[in-house]
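Chemist: Sequence positions in the sequence shown follow my numbering and run 1 to 80. Where a beta carbon is used, it is the ideal one built from N, C-alpha and C, also for glycine. After the structure tokens below, expect a handful of questions from me.
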Amino acid sequence: MCTAFGVHFFGPPFKLTLVHFLIDCAHYGVIRRRHFSATSLKELFDTIRISDVIVFSRDISLSIIAYKGVFLFTTSSFTF
């Protein structure tokens, strides 16, 4: 669970991906359900208005930084 991000990094390798934040992350589940419900990225982008995804991203303070093909994700509760 994302309430203890450090566990993901000091335990088995864990990747924080866009799928994690938008679909899988239990920590943001309540907020996510206010905006949309999807089980995959394909379902999300095929059936949900992009404005709902953007508002959800804003509500969890998700920032995506792209540099030379590498994407970094940060939220207000975790920064790297």
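So what's Ser61 in DSSP terms, helix, strand or just coil?
Modeler: The residue given as residue 61 occupies position 61 in the sequence shown. Three-state result, Ser61: coil.
Chemist: Rounded to whole angstroms, what's the CA-CA distance from Leu62 to His27? Just pull it up for me.
Modeler: Position 62 of the sequence shown, counted from the start, is the residue given in the question as residue 62. Position 27 of the sequence shown, counted from the start, is the residue given in the question as residue 27. C-alpha separation (whole angstroms): 13 Å.
Chemist: Measuring straight from C-alpha to C-alpha, what distance separates Lys42 and Asp52?
Modeler: For the purposes of this step, residue 42 is taken as the residue at position 42 of the sequence shown. For the purposes of this step, residue 52 is taken as the residue at position 52 of the sequence shown. Computed Cα separation, rounded: 15 Å.
Chemist: Taking just the CA atoms, how far does Phe45 sit from Ile23?
Modeler: In the sequence shown, the residue the question calls residue 23 occupies position 23. In the sequence shown, the residue the question calls residue 45 occupies position 45. Their backbone Cα atoms lie some 11 Å apart in a straight line.
Chemist: From the DSSP output, in three-state form, read off Phe36 for me.
Modeler: Start at 1 with the first residue of the sequence shown, and residue 36 comes out as number 36. DSSP places Phe36 in coil when its eight states are reduced to three.
Chemist: Whole angstroms are fine: how far does the CA of Phe21 sit from the CA of Ile60?
Modeler: Position 60 of the sequence shown, counted from the first residue, corresponds to residue 60. Position 21 of the sequence shown, counted from the first residue, corresponds to residue 21. If I take the Cα positions, the gap works out to 9 Å.
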